[in-house]
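Numbering (this note's numbering), first residue to last: 5 to 569.
By construction, the Cβ of each residue, glycine as well, lies at the ideal position given by its N, Cα and C atoms.
Before any comments, here is the structure.
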């Protein structure tokens, strides 16, 4: 049997569930089944409710069984509450997938199918995608992505709290994703540390949207509040490595009893103050937090806006190890030709006569006189030429001067100076409306002078970023406030719509609307020239509409940016 990798697949996220079937004690699980979250209580301690209907046993299948002649079951990772979850192989596309299985007469079979099909229609890449939802031969099964390169938040927290930048990315990406899901009428209701994955590129993805709750029969009277408080609990856990309730859960220790909900920066020293207050605003149900009297966030959209309004948390500066101390050679240390100290120094050694100083021989003296003569001759020639130049200038001042005029009557001296290039000190990706990162490793290509290299965006389903956001771009740091007269942008991927925005601020604004829009255009080579020269420290090249790419996705490619004053 292949090695098991449950950290990357939505096997069912059974953290906090007790097996409810008679055979559950003998069945295998995914290694995350805990007992702290009993039936009737949602993971976040909110208003989730669980169906208590009697359920049949999970389908009795075995490894090697094929569904639809295509999905071959490999390993059962969970058998719980009348359903089972498997790692499987899609033999048609030759890829690993995850499968949830339950019998067609299961009381929640219809709701599971409906939830899976609604989640599949969302098509948001920030969620683990549902690939198929089928009722066949008295079985209902849901097929979803398997992400072998992703790591559960539970595993990340086992190593310790997250850095402030990682926690900021977590709450920013998860809140924006859940806000998008709720706009389409979808809720999660089981948003636990096991339901959040971080890919190798740093992007957070959510698994089990609507499906995990449907498998367990979990409902909520206030789904917006339930998911918002769950995001707050995830942020609290990321900052403190503690669960924000009295009971231990998901491998995390709960808060001390009788203390109530205390801010993260009082639980652990060094916690980012802004993120601590944000977690309290998401978790507090009745009024503002005590520290700043901010209103609580009751929906994922409100939480996402609160994250966007706070200053962006930058990643920590890389720490470079100091270079090893320079080791001098024996000759550089002045010990060349010396005898070592100690008993061995008493041994008689032949005396080595030092070589004579350079240029002390007869040939060396002749060479020095020749060089001196050449220098004297050069000095005399230079003095003569300097005197002749001064005399010529004296003659020129006595002659009448003439001024050439242009056709419009002005003199050449009044002509404007040629525009000078403005140096781009640094370029970085700018994606505050998305997951916070947009191919950051290649942003240097926009000002490297090589037209064959480029920075590209992620791929999207439509030219308007799949309606997930209004734009994405690159911020250009000029090093200081300078005059900007024209910005020329070249695109490699086809005609692209773009705007030029600028700011004189000492730091990069957290929202694109904080920049001033100066010009806009579209094409493969766009000249963005403000109505009049402006002064700016940071320029934002903001892409608003993307061309269709060769891979069937819409993406922008910026190959070169040139700035003149």
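Quick check on residue 433: buried or exposed, where buried means 16 or more other Cβ atoms within 10 Å of its Cβ? Around the Cβ of residue 433, a 10 Å sphere holds 16 or more other Cβ atoms; the residue is buried.
Quick one, which of 307, 201 and 522 has its alpha-carbon nearest residue 182's? Residue 307 is the option with its Cα nearest to residue 182.
Going by alpha carbons, who is nearest to residue 570 out of 482, 524, 247 and 496? The structure shown has nothing for residue 570, since the chain only spans 5 to 569.
What are the start and end residues of the alpha helix (DSSP H) that includes residue 230? Secondary structure note for residue 230: its alpha helix (DSSP H) is the uninterrupted segment 227–244.
Indicate the three-state DSSP secondary structure (helix, strand or coil) for residue 196 in the structure shown. When DSSP states are grouped into helix, strand and coil, residue 196 belongs to the coil group.
Does the Cβ of residue 141 have 16 or more other Cβ atoms within 10 Å, making it buried, or fewer, making it exposed? Classification of residue 141: exposed, given that the 10 Å Cβ count is below 16.
Less than 7 Å separating the beta-carbons of residue 102 and residue 150? Taking a C-beta distance under 7 Å as the contact criterion, residue 102 and residue 150 qualify as a contact pair.
Residue 280 classed as buried or exposed, judged by whether at least 16 other C-beta atoms fall within 10 angstroms: Buried.
According to the neighbour-count rule (16 or more other Cβ atoms, all chains shown, within 10 Å of its Cβ), is residue 248 buried or exposed? Counting C-beta atoms within 10 angstroms of its own C-beta, residue 248 has 16 or more neighbours from the protein chains shown and is therefore classed as buried.
For residue 210, which residues of its own chain have a beta-carbon under 8 Å away from its beta-carbon, when the five flanking residues on both sides are left out? The residues are 130, 131, 132, 178, 181, 182, 192, 195, 199, 200 and 201.
Please name the residue, chosen from 503, 184 and 445, that lies closest to residue 473 on a Cα-to-Cα basis. The residue with the shortest Cα to Cα distance from residue 473 is 184.
In chain order, what residues of the same chain lie with their CB nearer than 7 Å to the CB of residue 513, ignoring the 5 residues before and after it? Correct list, in chain order: 507 and 519.
Following a CB-centred definition, is residue 119 positioned closer than 6 Å to any heavy atom of the ligand ZN? You won't find the ligand ZN in this model; it holds no ligand whatsoever.
How is residue 479 classed by DSSP in three states: helix, strand or coil? Correct three-state label for residue 479: strand.
Top-ranked residue by Cα proximity to residue 208, from 299, 114, 68 and 160: Looking at the Cα atoms, 160 is the closest of the given residues.
Whose CA, out of 91, 153 and 284, lies closest to the CA of residue 203? In terms of Cα proximity to residue 203, the closest of 91, 153 and 284 is 153.
Straight-line gap, residue 526 to residue 260 (C-alpha atoms, nearest Å): Going by the C-alpha atoms only, they are around 59 Å apart.
Could you tell me the alpha carbon to alpha carbon distance between residue 168 and residue 276, rounded to whole angstroms? The alpha-carbon of residue 168 is positioned some 6 Å away from that of residue 276.
When the distance is taken between beta carbons, is residue 108 closer than 7 Å to residue 78? No, the Cβ-Cβ distance between residue 78 and residue 108 is not below 7 Å.
Pair every Cβ in the segment 541–561 with every Cβ in the segment 475–490, then say whether three or more of these pairs are closer than 8 Å. For the pair of segments examined, the segment 541–561 was found to touch the segment 475–490: the number of CB pairs separated by less than 8 Å reaches three.
Count Cβ pairs between the segment 241–257 and the segment 298–305 that sit closer than 8 Å; are there 3 or more? Verdict: no, contact absent.
Under 7 Å Cβ to Cβ from residue 245, same chain only, skipping five residues before and after it: list those, please. Annotation for residue 245: 161, 164, 165 and 256 place their beta carbon closer than 7 Å to its own, counting only its chain and skipping 5 residues before and after.
With a CB to CB cut of under 8 Å and the five nearest residues on each side skipped, what residues in its chain are close to residue 266? Result list for residue 266: 259, in chain order.
Can you tell which of 565, 391, 488 and 445 has its C-alpha closest to the C-alpha of residue 453? When C-alpha distances from residue 453 are compared across 565, 391, 488 and 445, the shortest belongs to 565.
Selected residue, minimal CA-CA separation from residue 135, among 148, 144 and 123: Checked all of 148, 144 and 123; the closest Cα to residue 135 is 148.
Distance check for residue 157 and residue 105, CA to CA, integer angstroms please. A straight line joining the alpha-carbon of residue 105 with that of residue 157 spans about 25 Å.
Rounded straight-line distance, which links the Cα of residue 563 to that of residue 456: When rounded, the distance between both Cα atoms is 7 Å.
Grouping DSSP H, G and I as helix and E and B as strand, with all else coil, what is residue 490? Of the three classes helix, strand and coil, the one that applies to residue 490 here is strand, per DSSP.
Is DSSP giving residue 507 helix, strand or coil here? Correct three-state label for residue 507: strand.
Taking the alpha-carbon positions, what's the residue 381 to residue 390 distance? Take the alpha-carbon of residue 381 and the one of residue 390: they are about 14 Å apart.
Counting only the same chain and skipping the five closest in sequence on each side, list residues whose C-beta sits under 7 Å from that of residue 435. Excluding residues within five positions, the ones whose Cβ falls inside 7 Å are 441, 442 and 476.
For residue 117 and residue 69, the rounded distance between their alpha carbons: So the alpha carbons of these two residues sit roughly 21 Å apart.
Limits of the unbroken alpha helix (DSSP H) element including residue 137: From DSSP, residue 137 is part of no alpha helix (DSSP H) but of the beta strand (DSSP E) over 134–140.
Nearest neighbour of residue 144, chosen from 509, 73 and 113 [CA to CA]: It is 113 whose Cα lies nearest to the Cα of residue 144.
How long is the line joining the alpha carbons of residue 371 and residue 393, rounded to whole angstroms? Rounded to the nearest whole angstrom, the C-alpha separation of residue 371 and residue 393 is 34 Å.
From residue 220 to residue 128, what does the alpha carbon distance come to, in whole angstroms? If you take the alpha carbons of residue 220 and residue 128, they lie about 23 Å apart.
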